[in-house]
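**Student:**
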Amino acid sequence: MSATPLFASSDARVLDGIREGNEGALVELYRDNRKAVTALVMRNGGLVDDADDILQEALVSLWERVRTGKFTYSARLSTFVYATAKNIWLRRLARARREVPSQGRTDDPPGDEPSPLERMMEEEESQIVRRALEHLGEPCKKLLLLYYWEELPMEEISVRMGFANADTVKSKKYQCKKVLERLLRNALPRHD
Amino acid sequence: MTDQDDTHFVSNEDLLGRYVLGALDDVERARLDGHLATCPACAQTVHQERLIAAGVKRLGRDELRRSLRTRLVPPQRDLRWPRILAAAGLIATLTGIGIYYLRFNGVPSVPEIAERPPAPVHGNESPSLPQPALAPSADQFRQEPMRSAPGSNALTDAKTKSSEAPSSQRSITDAETRSPSEAVRVTQAPVHKELARKLTEETPAAFWAEGNVEGPEGVRGGAAERRSFSGSRSDLPVLKREQSVNQAAAAKDASTQPPPQFVLRQASSGALPVLRQKALKAAAQMTVQTKVERKGEVTTMTLFLDSLLDEGALRGARVQTLGDDSLVVTLGQKRISYKLPPGTTAQVQTKK
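Sequences listed follow chains A and B, in order. Everything in the first sequence is counted per my numbering, starting at 4 for the first residue and increasing by one. Everything in the second sequence is counted per my numbering, starting at 494 for the first residue and increasing by one.
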């Protein structure tokens with residue numbers, strides 16, 4: 004019982020760090036979990052580079068969930084990180100074998116998994132958008148990241164970026180998207 | 494929400510965004526789903542919004558990962574430089590003391606020594622562990638931050654950076670002419686040592702490694718030579734059946750303990766698991782996917798080759814260890830180099 008407060012406080016500290024945007028918290032988690040994830044991946048046909056990649060992806064997933072308020076703390080962070088890494092790796096293996104992951108092993112409910120072709124098209128299109136975003140100015144990039152990546156409400160974005168109010172943010176977002184759409188107009192296929 | 498609001502709701506930036514991000518309640522979402530089913534224009538707008546959201550999330554993840562990688566690198570390098578400086582300081586101090594002693598105790602000064610003919614170079618001198626390896630490994634890590642340990646190519650990475658660590662090239666050639674006990678540890682970045690140390694503690698009984706195929710002349714630096722060699726992948730004779738050769742390690746004058754055994758097998762690359770096939774195709778240079786399995790004193794390496802070797806070539810294979818974590822397999826004109834976790838290899842003497 005005396006160990007529990009120590010464990011809870013270290014995870015709480017990490018979670019607080021993530022909420023505050025402190026990437027050092029992720030570094031701490033990376034170092035704590037690298038051994039276990041490396042062993043997992045290597046036991047399942049992967050290399051050390053794969054393990055590092057998987058672990059980073061798991062940590063980014065945790066970061067996203069915590070920052071968008073979608074994370075529920077129900078087990079140790081190391082358990083979450085390991086389970087997420089395992090899921091990601093098994094999905095990669097399954098995709099490589101062109102199999103559907105077995106039930107209960109993915110985060111997505113059965114039936115929601117896109118087909119390989121759909122996935123490929125989505126990947127390509129999002130990659131095109133990703134590249135186009137690099138050509139946006141920093142204010143637009145920051146606004147869109149706060150809205151779509153951090154999923155902050157317009158009111159909070161207006162405070163962070165020094166805009167007058169949420170309506171100003173809406174207007175700026177619209178303008179930034181128009182610029183982006185101009186960049187993408189000839190690059191993306193029409194969806195029917 | 495009124496029907497008026499439903500009509501072309503996509504003109505409402507916030508509503509559109511929240512719909513795409515899944516931030517609406519079920520009732521609201523269901524209503525908008527109904528509208529999209531009958532409005533192709535709005536469906537198109539929603540599709541584009543989804544792409545923008547996906548692209549922005551991807552950007553966010555990429556930037557976070559880039560930042561994470563940057564943070565993961567410096568602490569190990571930071572530890573390195575103080576040690577280098579401390580070692581350099583110690584060497585400088587000892588050198589100063591030595592010069593002082595020699596100078597003032599009747600030993601000729603440097604100009605006097607320079608007038609003498611140079612001392613002969615002794616062939617058996619072991620090159621010292623290359624000090625600059627610590628520096629180039631920092632660059633190595635900066636360029637390839639996560640490349641290390643099984644399958645990784647620290648062996649050939651060190652050779653491609655010949656200007657930074659020339660002694661690493663020398664070490665492999667030298668190892669061929671000297672007994673394994675004198676084999677020089679191949680240059681490796683401290684970060685690799687750290688990873689290798691960690692892997693030793695939990696190295697599984699079986700794992701995959703990637704061997705880099707060297708040119709027919711032996712170990713050389715430069716990707717160009719490897720590329721030129723890759724054009725001859727199909728020049729080996731094709732066998733109809735899989736062969737395995739037991740390369741028992743030990744000379745008759747070895748220690749009383751039975752020497753560790755190294756078994757070399759070959760299999761067709763077509764039998765590789767899908768992930769390993771993808772890795773093989775994705776490799777920028779010629780690699781051999783290899784499964785390493787350890788059972789007691791026996792280490793079995795199964796080389797997955799595009800074209801199987803004839804019995805003579807496999808039986809004539811030479812396996813040389815360098816240090817306790819590097820291995821070179823020589824198959825005729827081809828050399829394949831590996832970096833494996835420490836403890837996996839052993840001092841191996843192959844029968845000629």
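Yeah, the Cβ is synthetic: ideal placement off N, Cα and C, and Gly gets one too.
Verify whether the separation of the beta carbon atoms of Val513/B and Ala534/B is less than 8 Å.
**Tutor:** For Val513/B and Ala534/B, no; Cβs fall outside 8 Å.
**Student:** Along the chain, where does the beta strand (DSSP E) that runs through Thr87/A open and close?
**Tutor:** Here Thr87/A belongs to no beta strand (DSSP E); instead the alpha helix (DSSP H) covers Leu80 to Arg100.
**Student:** So who's on the other strand from Asn590/B, going by DSSP bridges?
**Tutor:** Here residue 590/B is Ile; the residue named in the question, Asn, does not match the sequence. Answer is none; Ile590/B lacks a bridge partner.
**Student:** I need the DSSP call for Phe700/B, collapsed to helix, strand or coil.
**Tutor:** Residue state, collapsed to three classes: strand.
**Student:** Where Ala523/B and Gln782/B are concerned, what is the direct C-alpha to C-alpha distance, given to the nearest angstrom?
**Tutor:** Rounded to whole angstroms, Ala523/B to Gln782/B spans 51 Å at the Cα level.
**Student:** Below 8 Å, how does it come out for the region 85–101 of chain A and the region 43–56 of chain A: are there three or more Cβ pairs, yes or no?
**Tutor:** Because the criterion of three Cβ pairs below 8 Å is met, the region 85–101 of chain A and the region 43–56 of chain A touch.
**Student:** What does Leu820/B pair with, by DSSP beta-bridge criteria?
**Tutor:** Bridge partners of Leu820/B: Thr814/B and Tyr831/B.
**Student:** Is it right to say Val539/B is buried, meaning 16 or more other beta carbons lie within 10 angstroms of its own, or is it exposed?
**Tutor:** Label assigned to Val539/B: buried.
**Student:** Could you name the residues of chain B that Gln59/A contacts, counting a contact when the two beta carbons are closer than 7 Å?
**Tutor:** The contacting residues are Arg558 and Leu561.
**Student:** Answer with yes or no whether the minimum CB distance from Arg188/A to chain B is below 8 Å.
**Tutor:** Not one chain B Cβ lies under 8 Å of Arg188/A.
**Student:** Does the CB of Leu514/B have a neighbour CB from chain A at under 8 Å?
**Tutor:** Yes, because at least one Cβ of chain A sits closer than 8 Å to the Cβ of Leu514/B.
**Student:** From the beta carbon of Glu26/A, is the nearest beta carbon of chain B less than 8 Å away?
**Tutor:** Closer than 8 Å to some Cβ of chain B, the Cβ of Glu26/A qualifies, so yes.
**Student:** Assuming Lys450/B and Trp701/B form a contact by the criterion Cβ under 8 Å, report the distance between their Cβ atoms to the nearest whole angstrom.
**Tutor:** Because chain B is modelled from 494 through 845, residue 450/B falls outside the range shown and cannot be assessed.
**Student:** Could you check where the beta strand (DSSP E) with Val791/B kicks off and where it finishes?
**Tutor:** Residues Val791 to Leu798.
**Student:** Examine chain A for any beta-carbon lying closer than 8 Å to the beta-carbon of Ala466/B, and answer yes or no.
**Tutor:** For residue 466/B there is no data in the structure shown, the boundaries of chain B being 494 and 845.
**Student:** How about Pro104/A: is its C-beta nearer than 8 Å to some C-beta of chain B?
**Tutor:** Any reading at Pro104/A needs caution, since the residue's pLDDT is 49, under 50, leaving its predicted position unreliable; the model's value is listed next. Not one chain B Cβ lies under 8 Å of Pro104/A.
**Student:** Any C-beta of chain B sitting closer than 8 Å to the C-beta of Val162/A?
**Tutor:** Judged by the 8 Å Cβ criterion, Val162/A is not in contact with chain B.
**Student:** Could you run through the region 788–816 of chain B and flag, in chain order, every residue whose CB is less than 9 Å away from some CB of chain A?
**Tutor:** Going along the region 788–816 of chain B in chain order, one finds no residue with a Cβ nearer than 9 Å to chain A.
**Student:** Quick one, are the C-beta atoms of Arg828/B and Glu703/B less than 8 Å apart?
**Tutor:** Not a contact, by the Cβ cut-off of 8 Å.
**Student:** Can you pull out the residues from the region 131–151 of chain A whose beta carbon lies closer than 9 Å to at least one beta carbon of chain B?
**Tutor:** Answer set for the region 131–151 of chain A: Ile131, Val132, Arg133, Arg134, Ala135, Leu136, Glu137, Lys144, Leu147, Leu148, Tyr150 and Tyr151.
**Student:** Which residues in chain B have a C-beta closer than 7 Å to the C-beta of Val63/A? List them in chain order.
**Tutor:** Within 7 Å Cβ-Cβ: Arg554, Leu557 and Arg558.
**Student:** Tell me which residue opens and which closes the beta strand (DSSP E) that Lys788/B is part of.
**Tutor:** Residues Thr780 to Lys788.
**Student:** Strictly under 8 Å for the Cβ-Cβ distance: is Leu565/B near chain A by that measure?
**Tutor:** Interface residue, yes.
**Student:** Look at the alpha carbon of Gln541/B and the alpha carbon of Arg576/B, and state the distance between them as a whole number of angstroms.
**Tutor:** In a straight line, the C-alpha of Gln541/B is about 54 Å away from that of Arg576/B.
**Student:** Are there 16 or more other CB atoms within 10 angstroms of the CB of Arg769/B, so buried, or fewer, so exposed?
**Tutor:** Per the 10 Å Cβ criterion, buried.
**Student:** By the criterion of Cβ-Cβ separation under 7 Å, what are the contact partners of Gly510/B in chain A?
**Tutor:** Simply Tyr150.
**Student:** Excluding five sequence neighbours on each side, which residues of the same chain lie with their C-beta closer than 8 Å to the C-beta of Ala135/A?
**Tutor:** So the list reads Leu183, Leu186, Leu187 and Ala190, once near-sequence residues are dropped.
**Student:** Less than 7 Å between C-beta atoms, sequence neighbours within five positions excluded: which residues of the same chain meet that for Thr793/B?
**Tutor:** So the list reads Val756, Arg758 and Glu786, once near-sequence residues are dropped.
**Student:** Under a Cβ-count criterion, where at least 16 other Cβ atoms within 10 Å of its own Cβ denotes burial, should Ile592/B be classed as buried or exposed?
**Tutor:** That one is exposed.
**Student:** Determine, for Leu120/A, whether the minimum Cβ-Cβ distance to residues of chain B falls below 8 Å.
**Tutor:** It does not: the Cβ of Leu120/A has no partner Cβ on chain B nearer than 8 Å.
**Student:** Does Arg100/A have its Cβ less than 8 Å from a Cβ in chain B?
**Tutor:** Arg100/A counts as touching chain B.
**Student:** How big is the Cα-Cα spacing for Ser819/B and Trp152/A?
**Tutor:** Using only the alpha carbons, I get a separation of about 44 Å.
**Student:** Please tell me whether Val63/A and Arg564/B are closer than 8 Å, where the distance is taken between their beta carbons.
**Tutor:** No, these two residues do not count as a Cβ contact at 8 Å.
**Student:** Which residues in the same chain have their Cβ closer than 6 Å to the Cβ of Tyr85/A, if we skip the five residues on either side of it in sequence?
**Tutor:** Taken in chain order, the residues that qualify are Ala39.
**Student:** Under a Cβ-count criterion, where at least 16 other Cβ atoms within 10 Å of its own Cβ denotes burial, should Asn505/B be classed as buried or exposed?
**Tutor:** Exposed.
**Student:** Please go through the same chain and pick out, in chain order, the residues whose beta-carbon is closer than 6 Å to the beta-carbon of Gly825/B, but skip the five residues on each side of it.
**Tutor:** Ala806.
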